[in-house]
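Numbering (my numbering), first residue to last: 77 to 269.
We put the beta carbon where it would ideally sit given N, CA and C, even for glycine.
Just below is one structure, and these are the notes that go with it.
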Ligand SMILES: [Zn+2]
């Protein structure tokens, strides 16, 4: 039986300020969604090469309780993330767009000790310590950081195409004067192969 039927479901604020402290020890379930710009996520922003319009992350979260046969009902949290950011490509050092789509499920536990003892039944379910002032925003930011590639790179072939296209027409500041259209980039890939 799902305990949500008897528990009030509370809508989470989509504002950044309201996401810093959420009482996960209250006997209520939460639900919420929103969009976080790169500027709302300072630790994520550190790695951004540029911030372009549309960069940022949609999030959707819900908590729910499930009966457990031997103990108190257990609380879970589902988090879905979808978004994009520009990071520095480690092959050509230009900005590259990285997209992420992630879905995580957490089991909420009462203490660090309980988290350490949490049975690893399923890689997809991680323990999180619930508190009366749980930092939902920090958790979302942690999960974005974990989802980003350690070594961001353009897809295969794109860096070389950049170099071939832009290498000769950089202005004095080192910034390419204009963007080539994708067909020219393709032509250059063929020329160089
Ligand atoms: Zn690259």
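Tell me which same chain residues have a C-beta within less than 8 Å of the C-beta of residue i, skipping the five on either side of it?
i: residue 162; result: 124, 125, 126, 127, 128, 131, 171, 172, 173 and 174
i: residue 185; result: 191, 194, 203, 204, 205 and 206
i: residue 229; result: 165, 166, 167, 172 and 235
i: residue 223; result: 157, 176 and 178
Between which two residues does the alpha helix (DSSP H) carrying residue i extend?
i: residue 176; result: Segment 171-185 is the beta strand (DSSP E) holding residue 176; no alpha helix (DSSP H) there.
Taking Cβ to Cβ, would you say residue i is nearer than 8 Å to residue j?
i: residue 188; j: residue 219; result: no
i: residue 270; j: residue 158; result: Only positions 77 to 269 of the chain appear in this structure, which leaves residue 270 out of reach.
i: residue 211; j: residue 96; result: yes
i: residue 105; j: residue 139; result: yes
i: residue 113; j: residue 137; result: no
Given this structure, state the Cα-to-Cα distance separating residue i from residue j, to the nearest angstrom.
i: residue 168; j: residue 119; result: 23 Å
i: residue 233; j: residue 115; result: 31 Å
i: residue 110; j: residue 236; result: 37 Å
i: residue 38; j: residue 148; result: As displayed, the chain neither begins before 77 nor continues past 269, which places residue 38 out of reach and without an answer.
i: residue 144; j: residue 150; result: 6 Å
i: residue 166; j: residue 156; result: 27 Å
i: residue 93; j: residue 214; result: 11 Å
i: residue 121; j: residue 146; result: 44 Å
i: residue 152; j: residue 226; result: 28 Å
i: residue 197; j: residue 87; result: 30 Å
i: residue 141; j: residue 231; result: 41 Å
i: residue 180; j: residue 201; result: 7 Å
i: residue 90; j: residue 221; result: 20 Å
i: residue 176; j: residue 101; result: 30 Å
Looking at chain C, is there any beta carbon in it that lies within less than 8 Å of the beta carbon of residue i?
i: residue 97; result: Of the chains in the structure shown, none is chain C; there is only one protein chain.
I'd like the span of the beta strand (DSSP E) that includes residue i, first residue to last.
i: residue 139; result: 132-142
i: residue 148; result: No beta strand (DSSP E) contains residue 148, which DSSP labels as neither H nor E.
i: residue 87; result: 85-87
Who are the near neighbours of residue i in its chain, counting only those whose CB is closer than 6 Å to its CB and skipping five residues on each side?
i: residue 99; result: 208
i: residue 85; result: 105 and 107
i: residue 154; result: 138 and 181
Enumerate in chain order the residues of its own chain whose CB-to-CB distance from residue i is below 7 Å, with the five nearest sequence positions on each side excluded.
i: residue 217; result: 117, 119 and 120
Review point. At what residue ranges does the stretch 93-122 contain a whole run of the beta strand (DSSP E), taking only runs of 3 or more?
Key: Entirely contained in the stretch 93-122, the beta strand (DSSP E) runs reaching 3 residues are, in chain order, 105-112.
**Study point:** Start-end ranges of the beta strand (DSSP E) lying completely within the stretch 187-224, minimum 3 residues
**Key:** 201-205
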